Structure formats: C-alpha cells, structure tokens
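Residue numbering for the sequence shown follows the numbering used here, starting at 280 and increasing by one per position. Note that CB positions come from ideal geometry on N, CA and C, so glycine has one too. Note that the structure is a prediction, hence the values are computed from the model and not measured. Before any comments, here is the structure.
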Amino acid sequence: MRRQIIIGNWKMNGSLLSIKSLCESLTKLAHESDVADIAVCVPSIYLPYVQTNLKNICLGVQNVSQYNNGAYTGEISTTMLQDFNCRYVIVGHSERRAFFGETDEDIANKTKQVVQAGLTAIVCVGETLEERTTGNLQSILARQLQVVLNKLSTKELEKLIIAYEPVWAIGTGLAATAHQVQDVHRYLRKIVTNFDEELAKNIKIIYGGSLKPSNASELLSLEDVDGGLIGGASLNGKDFGQIIKQAKKI
Ligand code: 13P
C-alpha cells in the first residue's frame, strides 16, 4: 500500500512575519498526524528560516535549475537545496509552464537533475479547460508524463511523485469531481504500468486544484489518489491541518 503525502505549495506568498506564524501552527499539527507524510514547498529564500523554525515537517521548494553550479545568473541548484535539508522539488507546475515558458524538455531535465541529487521530484501534469473540452485530455497528459518517463531510468523514477493538477481547478475554488480525478489518476497509473508494472504499483499520484477541508475526504479516499498538493488552503494552518486529518489511513 502507498502511504499518502500531503504537500503544501505556498507559491509566491508570505512574508517573514506571516511565515513565522504559519510555522508555529504547522509545528503543532505535525504532532497530531501519523497518517500521512507532510511537506511544505516554500519560496526558496525562506528555506533557511523554515528549516530552523519548522519541526517534523519535510521541506521542499517550487522550482530548481536544470544545471549544476556555475554561471547561471538567478538560478538555484540542487546542491544548494541540499544544504538546507530540502527533500522535495515541485517541477513543471502549470504556472511555470504558462508564465515562464518551461517546456516538456526543460521539465524532464529538471526532474533528472532533482532525482540524481537524491531529492524527490513532484512532477505536475494537467490540462487546460480547452484541452479537456476539445477531447485532448489523454493525449496532453500522456505527452507531459511520457517525456519524463523517457528521460529517467526506472531506478530514478522511484524518486518521483506525479501530481495531477487540472489547470482550470487551480485557485478557482472549483475542484475536479471525484469521478474526473479517479479517471485521470487511473489513466496516469496505466501509462506508468506500460513502462514498469512494479513502479506503477508504488508510485504516488497526488491531486491538486482547489483541494480544501470540505472536499479532502472525498478526493483523498479515491483508489488511485495518494495524497494532495495544496495551494491556497496550505497558507492557513487550520485548513491545512484539517486536510491532513482526512488523509487515507493504511
Ligand atoms: P490551489 O489549491 O490554490 O487551487 O492550488 C493548487 C496548486 O496549484 C498546488 O500546486
């Protein structure tokens, strides 16, 4: 059985002051849950602060360079992340694809860089509303996932979490329905099965997009859902705590 993981994506939110109080409430709730693994992906600049001030919750960031240390102005390397005990890196979030022009190839390169450093890559895939309504859902998801599967060895893929994040559900308050989520997660697992059956049994596929306390129980209980990637609701300690409590027990 796959143990669930609940991951907060703080995006470009917060200040030193607000992150201080968020760390205090998260430290309390970390003691209350032994059901799921918990992680927060913070803005990189706050990584040292959060590392010192947040206990019992794993650390992650939202992006990383696809290159090793060197002349890459403005970039942050996986080696730098390791200095701060960072374990998770979100790769290929739809906001990075849409606003920063990241291509499937960039995302595959970053994923490889992350897993080769021994970190876990949370690779995001998801369709826009137009892609869904024009019948391209499966081909878009297959393309996004296949590039990563092709680039990595089976051993490297063991350090992968797949996050299904329909673009139209992100930040809109309108989550995908349980039926839509299970359908896509089953499809993604089938793609991995075609690649490697054992890997498909163990790989975590998590859902993100307006996940909140009121829908967490239904969505997290689905057969092929192994956790959640939470944006807005992860900025509120109480809401994030309530989502964690609804993770599936194994
Ligand atoms: P929301 O939970 O705010 O919809 O964001 C989801 C997301 O993009 C997490 O990566």
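Cross-strand partners of Y486 (DSSP beta bridge): Y443, G507
| Hey, would you say the C-beta of G339 is under 6 Å away from at least one heavy atom of the ligand 13P? | no
Problem - Whole-number beta carbon distance between I355 and A526, since they are thought to touch under 8 Å - result: Actually they do not touch by this definition, with Cβ atoms about 30 Å apart.
Q: Report yes if the C-beta distance between I470 and L439 is below 7 Å; otherwise report no.
A: no
Please determine, among D383, T407, A448, Y367, the residue with the shortest C-alpha to C-alpha distance to Q395. Y367
**Identified DSSP bridge partners for I285** = I317, G507
Report task. Go ahead and label S418 buried or exposed: buried means 16 or more other beta carbons lie within 10 angstroms of its beta carbon, across all protein chains shown. Result -> exposed
### Selected residue, minimal CA-CA separation from E384, among G397, E374, V370
V370
Q.
Shorter than 6 Å, the distance from the beta carbon of G293 to the closest heavy atom of the ligand 13P, or not?
A. no
task: Would you grab the beta carbon distance between T390 and V404 for me? Rounded to a whole angstrom, and I think it's under 8 Å.
output: Actually they do not touch by this definition, with Cβ atoms about 12 Å apart.
Can you list, in chain order, the residues of its chain with a C-beta nearer than 7 Å to that of N288? Leave out the 5 residues immediately preceding and following it.
C320, Q341, I369, L508, I509, G510, S513
request  = Just the C-alpha distance for L295 and S304, rounded to the nearest angstrom, thanks.
outcome  = 15 Å
Quick one: measure Cβ to Cβ for T456 and S489, integer angstroms, because I've assumed they're closer than 8 Å.
That pair is no contact at about 11 Å.
Among the residues of its own chain, which have a CB less than 8 Å from the CB of R422, if the five just before and after it don't count? D383
| Per DSSP, A400 forms a beta bridge with which residues? | V368, L439
Consider the C-beta atom of I449 and the heavy atoms of the ligand 13P; say whether any pair is separated by less than 6 Å. yes
Does the beta carbon of L508 fall short of 6 Å from some heavy atom of the ligand 13P?
yes
- Is any heavy atom of the ligand 13P found at a distance shorter than 6 Å from the C-beta of N288? yes
Does the distance between the C-beta of G380 and the nearest non-hydrogen atom of the ligand 13P fall short of 6 Å? no
Legend entry - DSSP three-state assignment for Y516, whether helix, strand or coil: Checking the sequence, you will find Gly at residue 516 rather than Tyr. Helix at G516.
Check your understanding: Does DSSP put L338 in a helix, a strand or coil?
Key -> strand
Exercise for review: Would you please state the rounded distance, in angstroms, between the beta carbons of I441 and L467? I believe it to be under 8 Å.
Suggested key: 6 Å
E497 in three-state terms, based on DSSP: helix
* Asked: Among the residues of its own chain, which have a CB less than 8 Å from the CB of K517, if the five just before and after it don't count?
  -> S304
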